[in-house]
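S.K.: In numbering that gives the first Met the number 0, the protein residues as written are 0 to 361.
No residue lacks a Cβ here, since even glycine has one placed at the ideal position from N, Cα and C.
Got a structure for you, written out below as structure tokens; questions coming shortly.
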Amino acid sequence: MDIRIEGLCKYFTSDGKTVAALDHVDLSIPANTFFTLLGPSGCGKTTLLRCIVGLETPDEGEISIGGEVVWSSRKGIFVPPEKRGLGMVFQTYAIWPHMSVFDNIAYPLQVRKMDAALIREKVAKALRFVQLEGVERRSATKLSGGQQQRVALARALVAEPRVILFDEPLSNLDAKLREETRRELRRFLDELDITAIYVTHDRVEALALSDTIAVMRAGRIVEMGTPQDIYFNARHRYVADFIGRANQIEATVLRHEDGITLAETGMGTIACQRRELPAGSRATLCIRPEFIHITSRAAAPEGKTALEGRIEALEFVGEVYEAEIAVAGERLLARIDPDVAVRQGDTVRMAIDPAHCLLLSA
Ligand code: ATP
């Protein structure tokens, strides 16, 4: 089911101050996609999710799920959470400690007074799906964190919702388990015709899981796109910075040529991905560390910008070296392949592809 949100506002007042947790949010989420709301703490992600579920009442706007209006301030519509046909998985697994795995998963069906035989059948299917067969009689708290999160997923899926919402579901797991569970989750959902809305502040999670990411800031959606769009072609400095590490260098737009925009910086003239910014305007040049390539060639390959600099600091961080390179008055962070033999103090040549030089309005 698709979800449409129009002009959604939600205000909270505490200590005499009013905060717009949601500030005129417009959003359209196509059916059967994995959609992520990404942003720092306090930007309004959870509030938006809770408004969609019906656990929070917005102040203005409209929410439709599968073409049905479930909330509208203007039309005076409020469909209660249990009638919205949604499943939800929280950060704290929110499973009941005094109940068995079976009873935890069966709960949403028991509330609906479904026939006992049908409940057994549906719970068995959900258990098979999350690969937890054989533990249904165990107390839910006797499971590992990853297994408890799968119980929560099974409970959210047992009633066969068309939309499932996740609020930071992996944040209580340790790093390794988080990665495994993340992959499993994507695999599970790929097998279902389901729309997933996922809230996180973890950029890697967002990049790895999503079809579409919406980056939020102060109650607004700043930018939306595929993980690749957001990572490689961000339009806003805030988004480029939030989604990954980036060198940010002051620049002035010079002129536009075939498919590129030239910008003047403290490192000289740099060819950048074309952006329609007026000549003379101030901008920020954004280059990700992995796109600064050390080269032994005297001249940069055609179309790339050549730079020369001195390695001021070099750090081995596992799969690569991270180098701080002084180029004229600027400092660039670069990720260098361990096969490239360089040492601190070396002068190195670099080649930079304009496709990875983003000019963002300052
Ligand atoms: P986090 O990742 O920390 O959960 P978030 O992006 O989900 O953050 P929200 O929890 O939606 O952000 O909060 C958005 C804003 O609304 C914040 O400024 C928060 O302090 C405020 N807020 C949220 N719930 C309430 C509440 N019940 N009462 C008062 N203010 C609230």
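What does the shell around the ligand ATP hold, if a residue joins when its beta-carbon is under 6 angstroms from any heavy atom?
M.R.: Counting every residue whose Cβ lies closer than 6 angstroms to a heavy atom of the ligand ATP, we get Phe11, Ser13, Val18, Ala20, Gly38, Ser40, Gly41, Cys42, Gly43, Lys44, Thr45, Thr46 and His200.
S.K.: Does DSSP classify valine 157 as helix, strand or coil?
M.R.: If DSSP states are grouped into helix, strand and coil, valine 157 belongs with coil.
S.K.: Let me know the secondary structure DSSP gives cysteine 42 once reduced to three states.
M.R.: Three-state result, cysteine 42: coil.
S.K.: Per DSSP, methionine 113 is paired with what?
M.R.: In DSSP, methionine 113 forms no bridge with anything.
S.K.: Should leucine 359 and cysteine 285 be called a contact, given that it needs their Cβ atoms to be closer than 7 angstroms?
M.R.: Going by C-beta atoms, leucine 359 is nearer than 7 angstroms to cysteine 285.
S.K.: Report the option in Ile291, Ser99, Gly144 and Leu172 whose CA atom is closest to the CA atom of valine 336.
M.R.: It is worth fixing the name first, because residue 336 is aspartate in this sequence and not valine. Comparing Cα positions, the closest option is Ile291.
S.K.: Let me know the secondary structure DSSP gives isoleucine 383 once reduced to three states.
M.R.: Because the chain spans 0 through 361 in this model, residue 383 falls outside it and cannot be assessed.
S.K.: From which residue to which residue does the beta strand (DSSP E) around isoleucine 291 run?
M.R.: Where isoleucine 291 is concerned, there is no enclosing beta strand (DSSP E), given that its DSSP letter is neither H nor E.
S.K.: Give me whichever residues DSSP pairs with alanine 312 in a beta bridge.
M.R.: The partner list for alanine 312 (beta bridge, DSSP) reads Glu323.
S.K.: Is the distance from the Cβ of isoleucine 324 to the Cβ of isoleucine 310 below 7 angstroms?
M.R.: Yes, these two residues count as a Cβ contact at 7 angstroms.
S.K.: Report the three-state DSSP secondary structure of lysine 16 (helix, strand or coil).
M.R.: Looking at lysine 16 - three-state DSSP - the assignment turns out to be strand.
S.K.: In terms of residues, what are the limits of the alpha helix (DSSP H) holding glutamine 383?
M.R.: In the structure displayed, the chain extends from 0 to 361; residue 383 sits before or after that span and is not available.
S.K.: Whether or not the region 213-223 and the region 186-193 are in contact is what I'm after, with contact meaning three or more pairs of Cβ atoms, one per stretch, closer than 8 angstroms; do they touch?
M.R.: Short answer: they don't touch.
S.K.: For phenylalanine 101, which residues in the same chain have their Cβ closer than 7 angstroms to its Cβ, ignoring the five residues on either side in sequence?
M.R.: So the list reads Val122, Glu135 and Arg136, once near-sequence residues are dropped.
S.K.: What is the DSSP secondary structure of histidine 255, reduced to helix, strand or coil?
M.R.: The answer is strand: DSSP assigns histidine 255 an E or B state.
S.K.: For a test of the three-state rule: what should DSSP assign to histidine 200, helix, strand or coil?
M.R.: Looking at histidine 200 - three-state DSSP - the assignment turns out to be coil, as it is neither helix nor strand.
S.K.: So valine 238 is in the alpha helix (DSSP H); what residue range does that whole segment cover?
M.R.: Note, valine 238: alpha helix (DSSP H), 236-242.
S.K.: Say whether chain B places a C-beta atom closer than 7 angstroms to the C-beta of glutamine 146.
M.R.: Of the protein chains in the structure, only one exists, and it is not chain B.
S.K.: Using three-state DSSP, classify asparagine 246 as helix, strand or coil.
M.R.: Of the three classes helix, strand and coil, the one that applies to asparagine 246 here is strand, per DSSP.
S.K.: Can you name, in chain order, every residue of its own chain whose Cβ lies under 6 angstroms from the Cβ of proline 160, other than the five neighbours on each side?
M.R.: The answer, listed in chain order, is Gly84, Leu85 and Gly86.
S.K.: What does a CB cutoff of less than 6 angstroms around threonine 268 pick up in its chain, not counting 5 residues either side in sequence?
M.R.: So the qualifying residues of the chain are Leu261.
S.K.: Sort out for me which residues DSSP pairs arginine 334 with in a bridge.
M.R.: Partner(s): Glu321.
S.K.: From leucine 169 to histidine 200, what does the alpha carbon distance come to, in whole angstroms?
M.R.: Looking at the two C-alpha atoms, the distance is approximately 11 angstroms.
S.K.: Contact check, leucine 26 vs isoleucine 220 under 8 angstroms by CB: the rounded distance?
M.R.: That pair is a contact at about 7 angstroms.
S.K.: My assumption, with CB atoms under 8 angstroms, is that glycine 65 sits in contact with methionine 0. Please give the rounded CB distance.
M.R.: Sure, about 3 angstroms apart at Cβ, within 8 angstroms.
S.K.: Less than 7 angstroms between the C-beta atoms of isoleucine 163 and alanine 155, yes or no?
M.R.: Yes. Within cutoff.
S.K.: Closest by CA to aspartate 210, which one among His23, Pro29 and Thr251?
M.R.: Nearest C-alpha to aspartate 210: Pro29.
S.K.: State the start and end residues of the unbroken beta strand (DSSP E) segment that holds arginine 136.
M.R.: Where arginine 136 is concerned, there is no enclosing beta strand (DSSP E), given that its DSSP letter is neither H nor E.
S.K.: Under 6 angstroms Cβ to Cβ from serine 63, same chain only, skipping five residues before and after it: list those, please.
M.R.: Taken in chain order, the residues that qualify are Arg3.
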